Every structure is written in C-alpha cells, then in structure tokens.
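What follows is a set of notes on a single structure, which appears directly below.
Residue numbers (our numbering): 44 to 199.
Spelled out as structure tokens, the structure:
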C-alpha cells in the first residue's frame, strides 16, 4: 500500500506492482503510482497503457510542468515538436514546459510506458476528464481544450 505524505517523515513511499490510482480516460489506462498528494506536490508518477490505434494526446504545450515519457513495451509514436517518430522500449522523451509534444499508438501491439510529471498536479486534469465522461460527457477536442486550459496547457 502507498503511504500518505504524512507518513514520509518515518518511512519512504512504497507502491507495489499494480497499486495506485487508476484513471481510464479516452482509451488510455493511467495508473498513477504516486500523486502530488503523496509527494507534497513535488512530482506525480504514472504507468500507462495505450491500445493500438489510440491517440493518447494530440500535440499540446504545458506552461507549468514538465513531462518525461519512458517506453517499457511496444512502439510509441511521439510528437516531439519537429514531427512524429516511433520509438520502442528504453526510449525517453523529455517534454519540458513550453515544448510541443503528443503521443499515440500507431502500432499493432499495446504500449506500456511511464510518465513523470514535475511538479505534480496534472493528474487532476485526468480526474476531471474521467469525471466528466462518467457523468455522460463526450470526449471532444473542445472538451479537452477547456479542461487543459484549467491546467495551463494549450493545443500546439
């Protein structure tokens, strides 16, 4: 079980395989292994799974946080500001604040990857989209743009 931030003065945080907060949004299974609530806002850490043919995020720009993508399994197509490139296990993309980026699975196999957010907080975006869909909203570019704007993110 992941320990709360209040517990960190006595012990480190430990997240066992499969533990965390699962937020399924628009075909992407985001498993937040650590959230800002657990790290004092320092960072959030997720493992995500993307099925073939799914767009994880169209190109966009974050103004207040950085994202780091690390591919574990499959082939992830990344937009890196200059266009798209497909990468496999071991590749790392640093999407520093102010840089355009996006990702999708253009392959035929599922992709599993890690994403680190510094500072934390963007996990709230995924919570908001998930709650809207659960309440009956349809995921559209307009809906995503509205929610992203609340988190200092804009389309690229």
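Each residue gets a CB set at the ideal place from its N, CA and C atoms; glycine is no exception.
The model shown is predicted, which means the values in this text are computed figures rather than measured ones.
CA-CA distance, residue 101 to residue 172, rounds to 15 Å. Taking 4 residues as the minimum length, the alpha helix (DSSP H) runs contained wholly in the stretch 159 to 185 are 166 to 177, in order along the chain.
For residue 149 and residue 69, the gap between their C-alpha atoms comes out near 16 Å. Assignment of residue 138 by DSSP, reduced to helix, strand and coil, places it in the strand class. Exposure of residue 85 is indicated by the presence of fewer than 16 other C-beta atoms within 10 angstroms of its C-beta. Pairing residue 190 with residue 158 gives a Cβ-Cβ distance that is not under 8 Å. A check of alpha carbon separations from residue 166 across 138, 137 and 108 identifies 108 as the nearest.
Rounded to whole angstroms, the gap between the alpha carbons of residue 75 and residue 199 is 25 Å.
According to the DSSP assignment, residue 151 belongs to no beta strand (DSSP E), since it is labelled neither H nor E. With 16 or more other Cβ atoms inside 10 Å of its own Cβ, residue 93 counts as buried.
8 Å or more divides the Cβ of residue 57 from the Cβ of residue 77. Where residue 99 is concerned, there is no enclosing alpha helix (DSSP H), although the beta strand (DSSP E) around it starts and stops at 98 to 105. For residue 78, the secondary structure class from DSSP, reduced to helix, strand or coil, is coil.
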